[in-house]
Amino acid sequence: MSAVRLNRITFGYNRNPVFTDLTVEFPRAACTAVTGPNGCGKSTLLSLIAGVSRPHSGTVELCARDVALAVQRDEVARTFPITVAEAVMMGRWRRLGLLRRPSRADRDIVDFWLTELGLDDLRTCRMTELSGGQRQRTLLAQAFAQQAPILLLDEPTASLDADSAQTVYRQLRRLASSGTTIVAATHDGDALDQFEHHLSLTGLSGHAATLGSGRASTCVQPQRTASRIPSDHRTP
């Protein structure tokens, strides 16, 4: 069963098409990697799913209204004068509303993700004092703390060292096993064994795509198949 379906989406910038008649489905409670070269539309795809961008035509269907989007916002994070703990608590704002104070449960969720992503010792540090990798982990913790059923990640490990990246992938698998649908745009082809499914956007503009199962198959236009990665090729 799919959690996200893009049906015959057409979208572009300043008359430059990014997607034309694009159809793709993402399975529920699974990790899907979206790959392709710079400018192929990976970030645009996430933006369309999140509702940040609206398609010129076509529909976006979601299994839930609550969607968490974590993107690389390094310039913002470097100048935002709040602490790491405060930044992660921002992930609870949608559930809190503007007037309600964080509950014990909210603080427990924030504490959990600070610990899981190795940020506990940095909780009182300001975002302006962090390294790029520390800021990236903070933004991921913020997205995880939202507890949204659909989690969209744009280059989630781009600024991380190998150990931190493995920690993130381990958490993504844990979230998927508990029911979260995860779609992650990545340029790192070596990371595909961390995901259950893979959608390549290489040469996709102007064509349809469907999420299938089984080994990756040769593209037969106008349909491109994003395949399930065999379990023996994935990292446990």
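Residue 67 in UniProt numbering is what sits at position 67 of the sequence shown, and the numbering runs on without skipping anything.
In this text, a Cβ means the ideal position worked out from N, Cα and C, and glycines have one as well.
Same chain, Cβ closer than 6 angstroms to residue i, neighbours up to 5 away in sequence not counted
{"i": "Arg123", "result": "Val84, Ala85, Leu114"}
{"i": "Phe11", "result": "Val18, Phe19, Pro55, His56"}
{"i": "Asp232", "result": "Only weak support exists for where Asp232 lies, its pLDDT of 45 falling under 50; the value from the coordinates is given anyway. Taken in chain order, the list of residues that qualify is empty."}
{"i": "Ala165", "result": "Thr157"}
{"i": "Ala50", "result": "Val67, Leu69, Leu152"}
{"i": "Ala176", "result": "Ala29, Ala30, Cys31, Ile182"}
{"i": "Met1", "result": "Arg28"}
{"i": "Val71", "result": "Asp154"}
Counterpart residues of residue i in DSSP-defined beta bridges
{"i": "Asp154", "result": "Ala185"}
{"i": "Gly12", "result": "Pro17"}
{"i": "Glu61", "result": "Arg5"}
{"i": "Ser200", "result": "Thr35"}
Per-residue DSSP class, three states only, for residue i
{"i": "Phe26", "result": "strand"}
{"i": "Ala141", "result": "helix"}
{"i": "Val52", "result": "coil"}
{"i": "Thr79", "result": "helix"}
{"i": "Thr32", "result": "strand"}
{"i": "Arg126", "result": "strand"}
{"i": "Ala165", "result": "helix"}
{"i": "Val67", "result": "strand"}
{"i": "Ala148", "result": "coil"}
{"i": "Gly179", "result": "coil"}
{"i": "Leu160", "result": "coil"}
{"i": "Ser131", "result": "coil"}
{"i": "Ser47", "result": "helix"}
{"i": "Arg94", "result": "helix"}
{"i": "Leu172", "result": "helix"}
{"i": "residue 240", "result": "The shown model of the chain, from 1 to 236, leaves out residue 240, and the question about it has no answer."}
{"i": "Leu117", "result": "coil"}
{"i": "Arg101", "result": "coil"}
Beta-carbon proximity list for residue i, same chain, < 7 angstroms, skipping 5 on both sides
{"i": "Ala145", "result": "Val88, Gly91, Arg92, Ile109, Val110, Trp113"}
{"i": "Leu48", "result": "Leu6, Ile9, Phe11, Pro55, Val60"}
{"i": "Gly189", "result": "Thr35"}
{"i": "Lys42", "result": "Val34, Gly36, Ala185, Leu201"}
{"i": "Thr79", "result": "Thr128"}
{"i": "Phe26", "result": "Ser2, Ala3, Val4, Thr32, Thr181, Val183, Leu211"}
{"i": "Ala64", "result": "Pro149, Ile150"}
Supposed contact pair residue j and residue i - C-beta distance, whole angstroms, cut 8 angstroms
{"i": "Val67", "j": "Ala148", "result": "6 angstroms"}
{"i": "Thr32", "j": "Val183", "result": "5 angstroms"}
{"i": "Thr35", "j": "His197", "result": "Incorrect: roughly 11 angstroms between the Cβ atoms, too far for contact."}
{"i": "Ala141", "j": "Leu117", "result": "5 angstroms"}
{"i": "Asp154", "j": "Leu46", "result": "6 angstroms"}
Cutoff 8 angstroms; reference residue i; Cβ partners in own chain excluding five residues on either side
{"i": "Leu96", "result": "Pro102, Asp106"}
{"i": "Pro81", "result": "Arg126, Met127, Thr128"}
{"i": "Ser180", "result": "Sequence check: residue 180 is Thr here, not Ser. The residues are Ala29, Ala148, Pro149, Ile150, Leu151."}
{"i": "Val168", "result": "Leu117, Arg137, Leu140, Pro156, Thr157, Leu160"}
{"i": "Ala143", "result": "Ala68, Leu69, Ala70, Gly91, Leu151, Leu153"}
{"i": "Asn38", "result": "His187"}
{"i": "Ser53", "result": "Phe11, Thr44, Ser47"}
### Task
Could you say if the region 159-173 and the region 130-143 meet the contact criterion of at least three C-beta pairs nearer than 8 angstroms?
With the rule of 3 Cβ pairs closer than 8 angstroms, the region 159-173 counts as touching the region 130-143.
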